[in-house]
Amino acid sequence: MGDGVERFDARDERSSNDWRERSAGDLTAILQGVPAHLLATDREGRIEVVSDVWLRHMGYRRDDVVGRRVTDLIEAPDLALADFLSALRQGRALIDAPHDFVNAEGRRCAFLVSAQVPQGAPQRCLLVLVDVSSQREAEAMASRERRIRMRVLESAPDAIFIANASRTITDANPAAVRLFGYGIDDIKGSSTGRFYAREEDFETAGLSRPTHRDEEDDDRARWLYRRKDGSTFVGETVKAMIWDDDGTDLGKIGIVRDVTEQERRQHELEETNRQLTLSLEVLDQFAYVASHDLRTPLRGILHIANFLEEDSSPEVLAAIGPRLGQLRERVDHMDHMLTSLLDYARLGHDRTGREAVDLGLLLDRIETTLRMGGPSPDFTLERDLAPAIFVASETAVEHILSNLVANAVTHHDGEHAHIVVRTTEAGTKLRLSVQDDGPGIPARHHERIFEIFRTLTSGPTRTKRQGLAGMGLALVRRLAIRAGGRVEVTSPVTDGRGCRFDVLLPLEENTKP
Amino acid sequence: MKTVQLLLAEDDDLDAEALERAMAAAEVTNPIHRVADGEEALERLRATGSDALPRPVLVLLDLNMPMMTGHEFLQELRTDPDPDLRRTVVFVVTTSSDDRDVRAAYDQHVAGYITKSSTGNDFFPLISMLRSYWEVVALP
Numbered sequence: 029m030g031d032g033v034e035r036f037d038a039r040d041e042r043s044s045n046d047w048r049e050r051s052a053g054d055l056t057a058i059l060q061g062v063p064a065h066l067l068a069t070d071r072e073g074r075i076e077v078v079s080d081v082w083l084r085h086m087g088y089r090r091d092d093v094v095g096r097r098v099t100d101l102i103e104a105p106d107l108a109l110a111d112f113l114s115a116l117r118q119g120r121a122l123i124d125a126p127h128d129f130v131n132a133e134g135r136r137c138a139f140l141v142s143a144q145v146p147q148g149a150p151q152r153c154l155l156v157l158v159d160v161s162s163q164r165e166a167e168a169m170a171s172r173e174r175r176i177r178m179r180v181l182e183s184a185p186d187a188i189f190i191a192n193a194s195r196t197i198t199d200a201n202p203a204a205v206r207l208f209g210y211g212i213d214d215i216k217g218s219s220t221g222r223f224y225a226r227e228e229d230f231e232t233a234g235l236s237r238p239t240h241r242d243e244e245d246d247d248r249a250r251w252l253y254r255r256k257d258g259s260t261f262v263g264e265t266v267k268a269m270i271w272d273d274d275g276t277d278l279g280k281i282g283i284v285r286d287v288t289e290q291e292r293r294q295h296e297l298e299e300t301n302r303q304l305t306l307s308l309e310v311l312d313q314f315a316y317v318a319s320h321d322l323r324t325p326l327r328g329i330l331h332i333a334n335f336l337e338e339d340s341s342p343e344v345l346a347a348i349g350p351r352l353g354q355l356r357e358r359v360d361h362m363d364h365m366l367t368s369l370l371d372y373a374r375l376g377h378d379r380t381g382r383e384a385v386d387l388g389l390l391l392d393r394i395e396t397t398l399r400m401g402g403p404s405p406d407f408t409l410e411r412d413l414a415p416a417i418f419v420a421s422e423t424a425v426e427h428i429l430s431n432l433v434a435n436a437v438t439h440h441d442g443e444h445a446h447i448v449v450r451t452t453e454a455g456t457k458l459r460l461s462v463q464d465d466g467p468g469i470p471a472r473h474h475e476r477i478f479e480i481f482r483t484l485t486s487g488p489t490r491t492k493r494q495g496l497a498g499m500g501l502a503l504v505r506r507l508a509i510r511a512g513g514r515v516e517v518t519s520p521v522t523d524g525r526g527c528r529f530d531v532l533l534p535l536e537e538n539t540k541p
Numbered sequence: 016m017k018t019v020q021l022l023l024a025e026d027d028d029l030d031a032e033a034l035e036r037a038m039a040a041a042e043v044t045n046p047i048h049r050v051a052d053g054e055e056a057l058e059r060l061r062a063t064g065s066d067a068l069p070r071p072v073l074v075l076l077d078l079n080m081p082m083m084t085g086h087e088f089l090q091e092l093r094t095d096p097d098p099d100l101r102r103t104v105v106f107v108v109t110t111s112s113d114d115r116d117v118r119a120a121y122d123q124h125v126a127g128y129i130t131k132s133s134t135g136n137d138f139f140p141l142i143s144m145l146r147s148y149w150e151v152v153a154l155p
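Chains as they are written, first to last, in the working numbering: chain A, 29 to 541; chain B, 16 to 155.
Set out below in structure tokens:
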């Protein structure tokens, strides 16, 4: 203080004006050191002194701002700035609204400004600034959140109610107004009990109220509600508690969705499913019984043919022999059809497993069986298997392959059939293809070949040479679909000949053994 | 060794005749008692006195028959109060190769399940098997 005392002593000798000039230096030092946002300007707003704290806050150096008009640092419309200056001239306080000061980086900082003309220094103006940036940000955020909440409420397709702890509705959204048919003012202030169709539901629903915020409150239920017009509906309802910071029960949010239609559809679906299962069972049963019962008379016919043969004299036998042969052929054919029909029906019964299928072994088996049967054309079975082992139902794959390969051989019109069996991975599917170099299938038949009891050649020659029941491809398709896949046919393949069947089977992660 | 009696439960006359002819052709002379369904078969097995069926007996049972099916016959037979009846040896001879039929038959402790192919004169393997069976196996 010694320095100050010395100056005080010296002051006595000077005029009052001079004193003021001298004391400005002391004032400057004091103001600069004040731990607050302070500016001193002249009455025209030119900055003379700034506090260190404010300089640090704004990132300015003293030289950047001293001598500038304070309004140059404020971002505001010209009119507002003129007001600001006139307030300074009059020494009025400017604390009604925050002002945006621009800092050294060009960003805005909001301050409340209080302007005072100090007594005894009428040429000066002292500005005390209060930083309100964080407060402003908080307000802006709160306002944004309010807007988001509003929009969510307004645009939600489900009815949303907000009720307080005593179950009085404090707010509802437009969907709630639409769903229940009441006006919003009618809803607000109502007890939630008004919307339940059954009084006991209101009571039951109230029982599930948790008493502490840590309690589980995943409250989902279906209640019967009543609209203003008296009609009722089933509403799937989710309720969530609202807790205050101190754990006070502030009430609940209830979200209601009309599921009447959904429930009706579900019942309908269940009923359809039940009917379908039933008729499938009946169908399976029918095919099973039919093919067994039809077999008995067939066996009888065959027995009669055998008895006739056994009981006939050589002369008679010579005469009727060929006819007996024809009769047996027809019986064979019919029997074959019945077997296929039974196989087809049985696919509905037998559970098909999932196991590692070794395609190489499977094809060996199929080839052996085919050669034993001695089909007319000779054949080679080329294999291009990648993968050769995969997880599927072995029964299904065997049925599919043996049918496709047998078809390729028996429908061949030449002396030698060349068949290629190939597997490739096509995305999530396994492509299993069987290609032949036979006559091919005209495009107009590509759909018909998959129908039951459908062969493209007909008449007795077929039964002799090909022995086909016309069920093979129907079976292939049913198996592929049951396995979650499908079957496609491409024909001709090359030079107007050949046929390729692609069976696509699902290849999941776990299907690679 | 006592002659084994064959009780053939078969509703189809032609099937029965075919088996009888096949037996004759294979020179099997064991008596064949033919009945047309399960009820008749039970009646024949339960008969006493002069009508009693000589023992030992082997039942050849068709499954698909009117009145009482083969499965129903087996059910009755295995729960009969007479222990002699319960332990009767039964072979199923049928056209059905359905897994459910096979399982249900063995559940009732049949000695064997033979599928006759629906066509063709295929009784010879069955006859030779039966002949070996009663030559080798002790019957109750």
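For each residue, glycine too, the CB sits at the ideal point set by N, CA and C.
Please read these numbers as outputs of a predicted model, since none were measured by experiment.
Any C-beta of chain B under 9 Å from that of residue i
i, result
"G524/A", "no"
"E338/A", "yes"
"D312/A", "no"
"Q494/A", "Bear in mind that the predicted position of Q494/A carries a pLDDT of just 44, short of 50, making it too unreliable to give a figure here."
"I447/A", "no"
"R351/A", "no"
"D321/A", "yes"
"G328/A", "yes"
"I332/A", "yes"
"T397/A", "no"
"R490/A", "Confidence is the limiting factor: at R490/A the pLDDT is only 43, short of 50, which leaves the residue's position unreliable, though a coordinate-based value still follows. Taking Cβ atoms only, chain B never reaches closer than 9 Å to R490/A, which makes this a no."
"Y316/A", "yes"
"T324/A", "yes"
"F478/A", "no"
Within-9 Å CB hit, residue i to chain A
i, result
"A33/B", "yes"
"D30/B", "yes"
"Y84/B", "Note on identity: in this sequence residue 84/B is Thr, with Tyr being the wrong assignment. Judged by the 9 Å Cβ criterion, T84/B is not in contact with chain A."
"D113/B", "yes"
"R49/B", "no"
"K17/B", "no"
"D15/B", "Summary: the structure shown does not reach residue 15/B, with chain B confined to residues 16 through 155, and so no result is reported for it."
"D27/B", "yes"
"R36/B", "yes"
"T130/B", "no"
Residue i to residue j span [Cα, whole Å]
i, j, result
"V156/A", "A104/A", "19 Å"
"R490/A", "P467/A", "For R490/A, the predicted structure reports a pLDDT of 43, less than 50, and the residue's modelled location is therefore unreliable. The matter cannot be settled from this model."
"K492/A", "V419/A", "With a pLDDT of 39 at K492/A, under the threshold of 50, the modelled position of this residue cannot be trusted; read the value that follows with caution. K492/A and V419/A: Cα-Cα distance of roughly 37 Å."
"G95/A", "Q163/A", "30 Å"
"K17/B", "G85/B", "27 Å"
"D247/A", "K280/A", "11 Å"
"G87/A", "V78/A", "12 Å"
"S341/A", "I47/B", "28 Å"
"R222/A", "R302/A", "39 Å"
"F407/A", "L458/A", "25 Å"
"G349/A", "L326/A", "19 Å"
"A33/B", "D52/B", "17 Å"
"R89/A", "G134/A", "14 Å"
"R117/A", "W82/A", "23 Å"
"V93/A", "I75/A", "7 Å"
"I215/A", "F129/A", "47 Å"
"V117/B", "Y128/B", "7 Å"
"V43/B", "E35/B", "9 Å"
Beta-bridge pairing of residue i - partner residues as DSSP gives them
i, result
"Y224/A", "Y253/A"
"A454/A", "K457/A"
"Q463/A", "V448/A and R528/A"
CB contact check: residue i to chain E, cutoff 9 Å
i, result
"N79/B", "Protein chains in the displayed structure are A and B, and chain E is not among them."
Exercise. Could you name each continuous beta strand (DSSP E) segment of 3 residues or more that falls completely within the segment 340-399 of chain A, going from the start of the chain to the end?
Key: 383-386
Quiz item: Would you call the segment 16-23 of chain B and the segment 518-526 of chain A in contact, with 3 or more CB pairs under 8 Å?
Solution: no
Quiz item: Using 8 Å as the Cβ pair cut-off and three pairs as the minimum, do the segment 421-428 of chain A and the segment 505-517 of chain A touch?
Solution: yes
Quiz item: Between the segment 258-278 of chain A and the segment 286-296 of chain A, do at least 3 Cβ pairs fall closer than 8 Å?
Solution: yes
Quiz item: Should the segment 100-113 of chain B be called in touch with the segment 74-84 of chain B, which here means at least 3 C-beta pairs below 8 Å?
Solution: yes
Exercise. Just list the beta strand (DSSP E) runs in the segment 144-232 of chain A, keeping only unbroken ones of 3 residues or longer that don't cross its boundaries, in chain order.
Key: 152-159, 187-191 and 197-200
Practice problem: Count the C-beta pairs between the segment 65-76 of chain A and the segment 140-157 of chain A that are closer than 8 Å, then say yes if the count reaches three, no if not. | Solution: yes
Practice problem: Check whether the segment 143-152 of chain A touches the segment 162-182 of chain A, taking contact to mean three or more Cβ pairs, one atom from each stretch, closer than 8 Å. | Solution: no
Self-check item: Every unbroken alpha helix (DSSP H) inside the segment 76-114 of chain B [4 residues or more]
Solution: 85-93 and 98-101
Quiz item: Does the segment 198-205 of chain A come close enough to the segment 169-186 of chain A that 3 or more CB-CB pairs lie under 8 Å?
Solution: yes
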